[in-house]
Structure formats: structure tokens, C-alpha cells
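One structure is given below, encoded as C-alpha cells.
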Amino acid sequence: MLHNKQIPALILKFLRAELTPAEEIQFNEWINADPRNAALVKNFEDDSWVYQEMRKYGQGPSAAAEKNLRAKLNQAKGGPVPPIEKKITHPFFRYMMAAAAIAVIVVGTIYIGKYGTAKKSDTPTVTRVDSTNDPMPGKDTAVLTLADGTKYTLNDTADGTIAKQGNVEFSKKGGVIYCKAEPGSVAPKNIGYNTLATPKGGNYQLVLPDGSRVWLNAETQIQFPTVDTGNKRMVTLVGEAYFEVAKNKAKPFIVKANGGDITVLGTHFNVIAYPNESFSKATLIEGSIGIASGGEVKLITPSQSGLYTMGSKPTVFNEDNVDRIIAWTNHQFSWNGDSLTTALREIERWYTVKVEYKGETPTTILENLNQPKKKSLKDLLNDLTIYDSSVSYKLEGRTIFVSTQKRP
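Heads up, the working numbering is the position in the sequence shown plus 29, with the first residue counted as 1.
See the structure below:
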């Protein structure tokens, strides 16, 4: 069964004659499921309909360009339009229809609502027992624990200097902690470690003494030394963080996470190392990094990720879009090729809720789904329901009960 969000993309691939054999089977099943589906696709053979729909949704050409295109289109026809079961191969037709399909994708929910196979009455909705209880999204909050055990709850702490530890001063401004070391600080024999930890529903930023900046996602902690430790810069991470490391070839920056060492000289990268995830992942945005795990070191180049588990050798692969991986730093959820269960774990961490599955665990894969992290939980769950109506959500207090209907 196709998900509603997949249909516009398959239409586009059909018009471009790019369907894989498996996709062609899916597409034909969808075409045969409802006469309205075949009618929608057949509309793309009508150049007047193409122009009308493109202009309706702001995708159409200017009046002058339209006149020129119409002339070319009429010249290009030269014969009857092929029937729908035959892919249109004329490049000009493919271009125009692909352009119209892009318009469909932009407003895909309009077309799915008009032509899709799912009936409104069949779509589960989010049910809340307590209508006044809609868990709020996360915010800037964290706890700073100094090496001597002193704790500071940062959302309750005023901006300005918080503490001074040896030659390091800690100050706060907004959702950022600054650690500034006095020049010429000498490392003591016994080096202490500070910890910045975000709870569920929290995020924060940290600027280390060397100028490196770290963004911490929800339920994350980072340990860093009280002073310069000499010939290397080392931190320990549990959770997810995005790093912009200050360049210093003489002092490599090392992130220890889940049994692996990620070594850099100066670069931008993201690390996911949650204990409840099946693997750890480092994604490089710019520069270069090395991942050491399982007795092997793999070099990562921009737009690549490295996966590893405790004691395993890293696996390197290319990423289609690294921006989505760091979308969380811009207060966005971005899921593409991610399982629904992975997304729900992110939702657990951000909204401080618990997810429980009733019956089968959903196998849904989310594609090109972006949601603002400031959205209410109720609205987000409603959007997930629209994405895949076979999965329903019931919110009781701070628990989301997830049920999956068996697909026909």
C-alpha cells in the first residue's frame, strides 16, 4: 500500500520514465485501485490542464513564455497523444509534465485529498484523554556540573559570569555557555572534567576554551577538561551533538563516543551516540575526520557518514543531503529514509514523553518529511497520522500509545 506522500513522487517518476520495476508494480496497483487515480495521471496528457494547474499553484510561466511554449507544444505534437499505459517519451512533453508534477508535489496533499484512495472516515485521529495536557516542545535548558561537583541549572541562572574554576571562567548568555581560559594556563597533575548535560526536552550550546562550538541535542551530555591538556583536545559525548571545531593542527580534537574515537584538526561534523540507538554515526559537513573503532580507522570526507557499534569496524557511506542531518540545530525535524520508530524516539526525547506500542511495531519509512520542533505534540502526531493512516496515536498524559492496522 502506497503512503499518500509517495504518490506525487511516483507520478513524477512515471512522467520521466524513471520508474523501477518494483515502483512500476506499485504505481499500476495504485492506478487500478480507483478510477480517480487513473484520471489524475491522464490529466497530464492535456496541455491545457498542465498550464492551468501550474499557474493555479504559482508554478506556471510568464504570459510571454507561455505563448512561446504553447507554440512549441503545438508544433511538437504532430500526432495523437499516446495512451496512458505508454510512457510519454517526447522530451518536450516530459519536461512540461514533469514541471506540472513538481507543482503537484508542492501541493501534494491537495491532490491526495482530491484523488487519493484513502477516505477521510478511514483516517485515524489523535485522541487525548486530557484535552488540557498537550506536552510542550523542548527549550534551551541544561545543567552544568563543574569538576568540584557544583551544579548550575542554566535556565534558572541569569546571564553573566556563573563561576570561576582555576584559570577558567564560565559565563552564560541566552542558551550558550562560554568557557574562557586565561592565556598561559598550565595543566595540573590531576585534571578534572566538567559536564554539560541537557535533559529530555532540552538543548544548549557550549563554547570551549579553544573557541570550538558545540550544539547539544536533547538528552545529551558532554564532558570536557577543566584546562588545556597539552597536545590534544578531548571530550566525551553521550547523545547527539554538532561540532564546529577551531582549527589547530598541533592539537587534534578528539570526540570519544560509544567506544569510538573521532579525530579532527578543525572541521564541522555531527555525532549521534545515544545508548538506545542501534549504532553510532558521525556525519561530516566540511573538513575531514577519522573514526577509530574495532581496531580500524576510516577517513570520512564531506557529505559522508561513518557508522559503528561498540567494538565494530566503521562503515562509510555517502549522504544525499547532510543538511537534513543537522536540521535539528535549526529547530527542525527532518526525516528521509528514517524509520517511524527512530522518529518516535526523537519525539520522546524532545517532548519528554514515553512511546508504547500496542500490537505490531510500525515498519513505516518516512520520506522527505520536515516538521518544526516548535510544533505542539498534538499537531505533530496529527501530521504523522496524515502521512501514514495505518498508524494511529493516542496521547494519555505523557504517554503516546501507537497502534498499527494490518495492511491489506
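Don't be surprised by glycine CBs; every beta carbon is placed ideally from N, CA and C.
Query raised in the report: Going straight from the alpha carbon of Thr338 to that of Ala302, what length do you get?
Result: Within the sequence shown, numbered from 1, the residue matching residue 338 stands at position 309. Within the sequence shown, numbered from 1, the residue matching residue 302 stands at position 273. Thr338 and Ala302: Cα-Cα distance of roughly 9 angstroms.
Query raised in the report: In this structure, does DSSP put Tyr207 in helix, strand or coil?
Result: One-based indexing of the sequence shown puts residue 207 at position 178. Note: Tyr207 maps to strand in three-state DSSP.
Query raised in the report: Excluding sequence positions up to five away, which residues of its chain have a Cβ less than 6 angstroms from the Cβ of Tyr124?
Result: The residue labelled residue 124 in the question sits at position 95 within the sequence shown. Low per-residue confidence applies at Tyr124: pLDDT is 43, beneath 50, and the placement is therefore not dependable, though the value from the model is reported in the following sentence. Cβ within range, chain order: n/a, list empty.
Report task. Taking Leu373 and Val384 to be in contact with their CB atoms under 8 angstroms, please state how far apart those CB atoms are, rounded to whole angstroms. Result -> Locating residue 373 in the sequence shown gives position 344, where the first residue counts as 1. Locating residue 384 in the sequence shown gives position 355, where the first residue counts as 1. Confirmed, Cβ separation roughly 5 angstroms.
Report task. Please find out if some non-hydrogen atom of the ligand NAD comes closer than 7 angstroms to the beta-carbon of Pro228. Result -> By its list of ligands, the structure shown contains no ligand whatsoever, and the ligand NAD lies outside what it can speak to.
Report task. Below 8 angstroms on the Cβ atoms is my guess for Asn299 versus Ile354; work out the distance and round it to an integer in Å. Result -> To locate residue 299, count along the sequence shown from 1; it is residue 270. To locate residue 354, count along the sequence shown from 1; it is residue 325. Between Ile354 and Asn299 the Cβ distance is about 6 angstroms, and since that is below 8 angstroms, they are a contact.
Query - Limits of the unbroken beta strand (DSSP E) element including Val70 - result: Within the sequence shown, numbered from 1, the residue matching residue 70 stands at position 41. Looking at the DSSP string, Val70 is not in any beta strand (DSSP E); the run it does join, the alpha helix (DSSP H), is Pro64 to Lys71.
Query raised in the report: What separation, rounded to the nearest whole angstrom, lies between the Cα atoms of Pro325 and Lys202?
Result: By 1-based counting over the sequence shown, the position of residue 325 is 296. By 1-based counting over the sequence shown, the position of residue 202 is 173. The residue you asked about is not Pro; residue 325 is Glu in the sequence shown. Their backbone Cα atoms lie some 41 angstroms apart in a straight line.
Query - Cα-Cα separation, Lys261 to Leu294 - result: As a working mapping, residue 261 is identified with position 232 in the sequence shown. As a working mapping, residue 294 is identified with position 265 in the sequence shown. If I take the Cα positions, the gap works out to 10 angstroms.
Query raised in the report: Smallest Cα separation from Lys404: which of Phe253, Thr296, Ile376 and Ile220?
Result: Sequence index remark: in the sequence shown, residue 404 carries index 375 (1-based). Closest option to Lys404, Cα to Cα, is Ile376.
**Report entry** Limits of the unbroken alpha helix (DSSP H) element including Ile415
**Finding:** Locating residue 415 in the sequence shown gives position 386, where the first residue counts as 1. From DSSP, the alpha helix (DSSP H) with Ile415 extends over Leu406 to Tyr416.
Query raised in the report: So what does Asn232 bridge to, in DSSP terms?
Result: If you number the sequence shown from 1, residue 232 lands on position 203. In DSSP, Asn232 forms a bridge with Asp169.
Requested in this report: Have a look at the DSSP bridge pairing and note the partners of Asp367.
Outcome: Taking the first residue of the sequence shown as position 1, residue 367 is located at position 338. Asp367 pairs with Leu395.
Query - Rounded separation between Leu41 and Gly268 - CA only - result: For the purposes of this step, residue 41 is identified with residue 12 of the sequence shown, where counting begins at 1. For the purposes of this step, residue 268 is identified with residue 239 of the sequence shown, where counting begins at 1. Rounded to whole angstroms, Leu41 to Gly268 spans 38 angstroms at the Cα level.
Query - Residues that DSSP places opposite Asn347 in a beta bridge - result: In the sequence shown, the residue the question calls residue 347 occupies position 318. In DSSP, Asn347 forms a bridge with Gln333.
Requested in this report: Reducing DSSP to helix, strand and coil, say where Lys42 ends up.
Outcome: Taking the sequence shown and counting its residues from 1, the one referred to as residue 42 is at position 13. Three-state DSSP puts Lys42 in a helix.
**Report entry** Within 8 angstroms, strictly: CB atoms of Thr224 and Gln194
**Finding:** For the purposes of this step, residue 224 is taken as the residue at position 195 of the sequence shown. For the purposes of this step, residue 194 is taken as the residue at position 165 of the sequence shown. For Thr224 and Gln194, no; Cβs fall outside 8 angstroms.
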